[in-house]
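Everything on this sheet refers to the single structure shown next.
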Amino acid sequence: MITQDSRFQRQTDLVPHQRLNALRLTVIGIGAIGRQVSLQLAAMGARNIQLIDFDVVELTNVTTQAYMADDIGRPKVDATAEVLQQIEPNIELSLVNDRYRPKMPIGDAVFCCVDSISSRAAIWRSVSGRCQYWCDGRMLAEVIRVLAVADEQGQQHYPQTLFASREAQTGRCTAQSTIYTANIAAGLMLHQVSRWLRGLPVDPDISLNLLASEMMIDGTGATASPRRLAA
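Each residue of the sequence shown is one higher than the one before, starting from 6 at the first, in my numbering.
Given below as structure tokens:
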């Protein structure tokens, strides 16, 4: 019989729950990727999650971000928190129905899921010296890029990916978005955090083009990137 304590039994070798439970996790931006990151964190057994987003659920978010029809018009942090509590009844949630601001307290691990390079740059400047782990998920249509910072190599590489907005590929993830792309992006982000929790090397830069069936992993900290994504 499956009990409350054994729900995570099949994840034991992949997700160190003692380490995960000791962390406070912050998700900034609860849109396409951020919503999926939040749900997957709860399903992995995270017990302390902070959600930050100023937006409300719109009609198109039902099909692209996995919100419910009844959520339309509700703050995204509230609608997401309701589902997280159903997945993990013992979860501790901190909800910020506002834009991220530099003086806000943040968790040990931060997942940046916003939709512009300028916002990422501003958030990174604010939190880079305050968190142990940083992960940035970007997507446009069927192209995904996941950047993780867990060591000095990542600290050196990540700022080089914050190119000027005028250099970004045309379009935003909110304009060209599918639920399957968001799910895959979130899965790649959570895979990297699970590696970090296990003490394994983290890949600083992963790019995945679903349409072309191509994947590139840059673990050298080189300045060149496979593709530049605006969102």
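Quick reminder that beta carbons are idealized off the backbone N, C-alpha and C, glycines included.
Just so you know, the alpha carbons of Pro107 and Leu215 end up roughly 35 Å apart. Ranked by Cα distance from Glu219, the first of Arg150, Ala155, Gly192 is Arg150.
The alpha-carbon separation between Thr85 and Leu205 amounts to approximately 30 Å. Take the alpha-carbon of Leu64 and the one of Tyr72: they are about 9 Å apart.
Bridge partners of Leu98 according to DSSP: Ile54. Thr31 and Asn188 have their C-alpha atoms roughly 18 Å apart.
For Gln45 and Phe13, the gap between their C-alpha atoms comes out near 13 Å.
For Asn95, the number of other beta carbons within 10 angstroms of its own is below 16, and it is reported as exposed.
Secondary structure remark: continuous beta strand (DSSP E) runs of at least 3 residues inside the segment 45-94, in chain order: 53-57. Comparing alpha carbon positions, the residue from Met49, Leu56, Val198 closest to Arg104 is Leu56. For Gly142, the enclosing beta strand (DSSP E) stretches over residues 138-145.
Distance from the CA of Cys117 to the CA of Ala51, rounded to the nearest whole angstrom, comes to 17 Å. Under a 10 Å Cβ-count criterion, Gln41 is classified as buried, with 16 or more other Cβ atoms of the shown protein chains found around its own Cβ.
Residue nearest to Met109 within the set Ser131, Gln23, Gly78 is Ser131 (criterion: CA-CA distance).
With distances taken between CA atoms, Thr17 lies nearest to Leu202 out of Leu213, Gly224, Leu202, Asp208. Between Ser182 and the set Ala27, Leu25, Gly36, the nearest pair of CA atoms involves Gly36. Apart from the 5 residues on each side of it in sequence, Asp60 sits with its Cβ closer than 8 Å to the Cβ of Ile35, Gly36, Pro80, Lys81 in its chain, given in chain order.
A distance of 7 Å or more separates the beta carbons of Arg29 and Asn66. In the three-state reduction of the DSSP assignment, Met109 falls in the coil class, being assigned neither a helical nor a strand state.
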